[in-house]
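Engineer:
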Amino acid sequence: MAATTAPNETRTRAFGSERFKEALVGYSFIAVPMLVYAVLFFYPIVYAIYISRYDWGVLGKIGDKGAGNYRELLHDERLRIAIKNGLKFTLAFTIFSMALGLFVAVVVNSAVRARGFFRSAYYFPSIASSAAITAIALFILSADGLFNKITGLNHAWFGESGTALWAIVGLNSWTTSGTVMLFYLAYLQSIPTDVYEAAAIDGAGAWRTFWKVTFPLLKPGHFFVSTLLVIGGLKMFDQAFIASGGTGGPNNATLVPVLYLYRVAFADANFGYAAAVGIALMLLMVTLTLIQRLTFGRGGAN
Amino acid sequence: MADQHVPTEKDFVPPAEAALVPPKAPTARQLAATGDASRGGIGAIPGRSGTERVVTVVVYGLLFALALLYFVPFVWMISTSLKTLPETAYFSLLPKDPSLHAYREALTTFHFARYAANSVGLAAAVSVVNVFLCSLGGYAFARLRFPGREVLFFAVLATLMVPDQLRLVPIFVKFSEWHLLGHYHGYVLVKLASAAQLFLMRQYFLTIPRDLEEAAKLDGAGYFKTFWKVMLPLAGPAIAAIAILEFEGTWNDFFWPLIIFQTSPDHFTLPVGIFSFVSEYQTQWPQLMASAVIAIAPIAVLYVFFQRYFVAGVASSGVKG
């Protein structure tokens with residue numbers, strides 16, 4: 009390795025055993041983490057592929073299926089629904105959290121005083137327990153909850169198949185907007201002030217300055233944030249699981265991919281097929297990330 | 027407190043090492059600086075002072091309107107937790123006759139005292155083992171020379187790409203075979219060594235000057251002693267960041283406790299307890315809101331005191347699902 013041949017090694021070279029000892033110490037320091045990664049990250053990938061080739065129940069292997077589980081993926085109606093819900097959720101969630109997060113970031117960034125306070129306050133929902141936040145949302149968005157009271161609408165937001173997924177979109181966009189704000193604030197502050205001075209001299213108002221100067225200059229930020237949000241959106245689980253009581257209902261409205269995977273494994277006790285679903289989902293995520301990188305990302309590097 | 031300069035992750039990510047962080051991520055220093063009022067945004071544009079005043083009024087108006095949006099759910103949670111069930115039908119912000127009855131019931135009848143104890147224990151355990159293992163590992167990758175170091179370090183980073191839903195089935199099947207399901211140590215095992223935190227420690231150790239170690243070595247200190255007595259005390263800020271991020275991550279974790287403790291309710295953590303309460307007694311709002319307060323308040327307190335470390339975690343942890 010590069011480090012072992014560095015020129016300042018001459019001193020230790022005289023003590024061959026010293027070098028051997030250093031290597032031993034190094035291996036012993038990393039032994040436990042490496043074992044964990046081997047057993048809990050790399051081995052499971054191989055093992056998932058293995059399981060996916062069997063009909064596998066609660067008590068273990070039932071029978072050989074070959075590629076049968078993968079063929080089933082293609083004709084699985086509920087998987088199709090789950091992926092559709094997942095994509096719908098991800099698209100809406102990405103757009104709303106970016107819009108809200110950027111808006112909040114611009115407002116916070118314009119405040120000269122108390123900027124730190126507002127930044128901390130808006131970030132807080134992002135680090136509060138997702139389960140507790142979902143419980144609050146269940147209450148506020150219930151049929152006789154605060155939200156209906158304030159808006160005069162009348163929906164059981166999580167209870168109707170037409171609104172349930174949108175309620176989660178709203179909930180997650182709200183919590184995640186704090187994180188988005190933090191990132192945008194960092195990008196906003198990397199924009200040199202003389203750009204704004206030039207815009208002011210040209211007589212551009214705040215609105216025009218934002219759309220013509222700030223927004224385009226934030227392009228690397230848009231790319232970075234949207235990449236994170238798309239991956240996060242596809243992995244969404246906690247809120248849909250808790251709000252639907254683990255079912256993905258009503259009428260499969262909140263059945264998102266990871267929740268479907270959970271149900272195949274634990275409600276249907278079909279581990280072989282669940283492993284295949286897990287592999288398919290990972291491929292879907294990798295593909296979407298690559299597409300995003302190729303289209304959006306190309307111009308993203310300034 | 028919040029404004030002291032505590033070195034955070036970004037302070038110790040040398041640009042060349044930032045490969046882990048996704049494309050064009052703001053550095054930790056940038057993130058840490060976003061709260062300082064030292065740099066002007068739009069508010070600092072030199073212009074007509076009248077317009078400026080209008081802008082200021084609009085900005086602060088918006089800030090407070092947004093604060094409402096971000097705070098009302100929490101205020102409503104606290105207010106409801108102090109009410110009785112019939113009273114939740116009235117939309118009064120202040121409970122007429124505030125009582126801790128809902129808390130008492132949540133803690134005893136609905137087992138949230140047990141869930142809270144489980145959460146505290148697991149979060150503390152995960153936090154401690156991660157501090158220990160990640161600082162040992164981070165030190166080795168930063169400072170010790172051994173064959174295969176770069177390859178192994180690449181493997182560490184590669185684990186960050188493996189999504190949990192791919193690991194779900196194989197880990198569940200294996201854990202059931204190994205009798206780890208329904209045990210606290212089964213959960214701790216899943217969280218034993220976080221690659222993100224190991225990376226963070228490595229980056230921090232890379233920034234500590236070598237002279238100190240060399241001096242210790244000349245004094246005859248062995249590798250472990252050098253690590254323990256010299257390097258570890260110098261890594262205080264990074265250790266604090268890891269401890270807090272792991273505590274928060276474990277405290278809020280829903281996915282793995284759900285998988286590992288699903289058949290042993292006495293092992294539930296607060297988030298799983300909230301789920302089980304929701305599925306059984308959905309409309310007992312005061313008790314549910316009391317349990318939400320119990321799950322949120324400790325993190326809120328930590329956040330007030332250690333805000334910078336939470337911000338440092340943004341870059342490494344990304345977006346929660």
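Chains P and W supply the protein sequences, listed in that same order.
In this text, residue positions in the first sequence follow my numbering: the first is 9, and each later residue adds one.
In this text, residue positions in the second sequence follow my numbering: the first is 27, and each later residue adds one.
Glycine included, each C-beta is placed from N, C-alpha and C at the ideal position.
Quick caveat: nothing in here was measured; it's all calculated off a predicted structure.
State the beta-bridge partners of ASP72/P as determined by DSSP.
Structural biologist: TYR62/P.
Engineer: If you run the structure through DSSP and keep just helix, strand and coil, what is ASP279/W?
Structural biologist: ASP279/W falls in the coil class under three-state DSSP.
Engineer: List the residues of chain W that LYS96/P touches, going by C-beta distances under 7 Å, in chain order.
Structural biologist: Within chain W, no residue comes near LYS96/P; the closest Cβ sits about 16 Å away, beyond 7 Å.
Engineer: Using only the alpha-carbon positions, how far apart do VAL84/W and ALA113/P sit?
Structural biologist: Distance between the alpha carbons of VAL84/W and ALA113/P is about 15 Å.
Engineer: Evaluate the contact criterion for the segment 281-292 of chain P versus the segment 78-90 of chain P: three or more CB pairs, one atom per stretch, below 8 Å.
Structural biologist: Verdict: yes, contact present.
Engineer: Can you list, in chain order, the residues of its chain whose CB lies under 6 Å from that of ASN259/P, leaving out five sequence neighbours each side?
Structural biologist: Hits under 6 Å: SER169.
Engineer: Determine, using beta-carbon pairs with one atom in the segment 120-132 of chain P and one in the segment 321-337 of chain W, whether at least three such pairs fall under 8 Å.
Structural biologist: They touch, by the three-pair rule.
Engineer: Give the single residue among TRP174/P, LEU289/P and LEU110/P whose Cα lies nearest to the Cα of LEU99/P.
Structural biologist: Comparing Cα-Cα distances from LEU99/P to each of TRP174/P, LEU289/P and LEU110/P, the minimum goes to TRP174/P.
Engineer: Check the Cβ of TYR165/W against every Cβ in chain P and list those closer than 8 Å, keeping chain order.
Structural biologist: The answer, in chain order, is PHE37.
Engineer: Which bits of chain W does LEU263/P rub up against, with CB to CB less than 9 Å?
Structural biologist: Those within 9 Å of LEU263/P in chain W number zero; the least Cβ separation is about 14 Å.
Engineer: Taking Cβ-Cβ distances shorter than 7 Å, what residues in chain P pair up with PHE280/W?
Structural biologist: In chain order: SER138, ALA139 and ASP246.
Engineer: Chain P partners of GLU274/W, CB-CB under 8 Å?
Structural biologist: Per Cβ cutoff of 8 Å: ILE135.
Engineer: Please list the terminal residues of the continuous alpha helix (DSSP H) segment that includes ARG127/P.
Structural biologist: Unbroken alpha helix (DSSP H) run through ARG127/P: 123-135.
Engineer: Just checking: is the beta-carbon of ARG140/W within a distance shorter than 8 Å of some beta-carbon in chain P?
Structural biologist: No, ARG140/W lies away from the interface with chain P (no Cβ there is under 8 Å from its Cβ).
Engineer: Give the straight-line distance between the Cα atoms of ILE299/P and ARG236/W, rounded to the nearest whole angstrom.
Structural biologist: Rounded to whole angstroms, ILE299/P to ARG236/W spans 44 Å at the Cα level.
Engineer: Using CA atoms only, rank isn't needed, just tell me which of VAL40/P, GLY124/P, ALA136/P and LEU226/P is closest to ASP246/P.
Structural biologist: Checking every option, the nearest Cα to that of ASP246/P belongs to ALA136/P.
Engineer: Taking only the alpha-carbon atoms, compute the straight-line gap between ARG171/W and LEU178/W and give it to the nearest angstrom.
Structural biologist: Roughly 12 Å separates the two Cα atoms.
Engineer: May I have the straight-line CA-CA distance separating PRO265/P from LEU154/P, to the nearest angstrom?
Structural biologist: Looking at the two C-alpha atoms, the distance is approximately 30 Å.
Engineer: What do you reckon, are the CB atoms on ILE16/W and VAL216/W nearer than 8 Å?
Structural biologist: What the structure shows of chain W is the stretch from 27 to 347, and residue 16/W is not part of that stretch, so it cannot be assessed.
Engineer: Out of curiosity, what's the CA-to-CA distance linking VAL188/P and LEU237/P?
Structural biologist: Taking the straight line from one Cα to the other gives about 9 Å.
Engineer: Can you tell me whether SER118/W is buried or exposed, with buried defined as 16 or more other CB within 10 angstroms of its CB?
Structural biologist: The residue is exposed, with fewer than 16 neighbouring Cβ atoms inside 10 Å.
Engineer: Return the CA-CA distance between THR159/P and VAL115/P, expressed in angstroms with no decimal places.
Structural biologist: Distance between the alpha carbons of THR159/P and VAL115/P: 25 Å.
Engineer: With burial defined as no fewer than 16 other Cβ atoms inside 10 Å of the residue's Cβ, what is the status of HIS293/W: buried or exposed?
Structural biologist: It counts as buried.
Engineer: Is the beta carbon of ASP63/P sitting closer than 8 Å to the one on GLY71/P?
Structural biologist: Cβ distance < 8 Å, so ASP63/P and GLY71/P count as in contact.
Engineer: How many Å lie between GLN308/W and TYR268/P at the Cα?
Structural biologist: Rounded to whole angstroms, GLN308/W to TYR268/P spans 23 Å at the Cα level.
Engineer: Which two residues bound the contiguous alpha helix (DSSP H) that contains MET227/W?
Structural biologist: Counting along the chain, the alpha helix (DSSP H) containing MET227/W begins and ends at 221-233.
Engineer: With distances taken between CB atoms, is the gap from TYR204/P to GLU80/P smaller than 8 Å?
Structural biologist: No; because the gap between Cβ atoms is not below 8 Å, this pair is not in contact.
Engineer: Report yes or no: is there a C-beta of chain P within less than 8 Å of the C-beta of ILE300/W?
Structural biologist: Judged by the 8 Å Cβ criterion, ILE300/W is in contact with chain P.
Engineer: I want to verify the contact list: residues of chain W whose CB lies under 8 Å from the CB of TYR45/P, in sequence order.
Structural biologist: Neighbours of TYR45/P on chain W, chain order: ALA181, VAL182, THR185, ALA219 and ALA221.
Engineer: Less than 8 Å separating the beta-carbons of GLN313/W and ALA132/W?
Structural biologist: In this structure, ALA132/W lies closer than 8 Å to GLN313/W by Cβ.
Engineer: Below 8 Å, how does it come out for the segment 101-108 of chain P and the segment 224-242 of chain P: are there three or more Cβ pairs, yes or no?
Structural biologist: Counting Cβ pairs under 8 Å, three or more are found: they touch.
Engineer: Using CA atoms only, rank isn't needed, just tell me which of THR171/P, ILE176/P and SER128/P is closest to ILE144/P.
Structural biologist: For ILE144/P, the nearest C-alpha among the options comes from ILE176/P.
Engineer: Work out the CA separation of ASP152/P and LEU43/P for me, nearest whole Å.
Structural biologist: In a straight line, the C-alpha of LEU43/P is about 52 Å away from that of ASP152/P.
Engineer: How long is the line joining the alpha carbons of VAL101/W and PHE225/W, rounded to whole angstroms?
Structural biologist: The alpha-carbon atoms of VAL101/W and PHE225/W are separated by roughly 38 Å.
Engineer: Using a Cβ-Cβ cut-off of less than 9 Å, list which residues of the segment 238-272 of chain W approach chain P; keep chain order.
Structural biologist: The residues in question are GLY248, TYR249, PHE250 and PHE253.
Engineer: Going along the chain, which residues of its own chain have a beta-carbon closer than 6 Å to the beta-carbon of LEU110/P, five neighbours each way excluded?
Structural biologist: The answer, listed in chain order, is TYR192.
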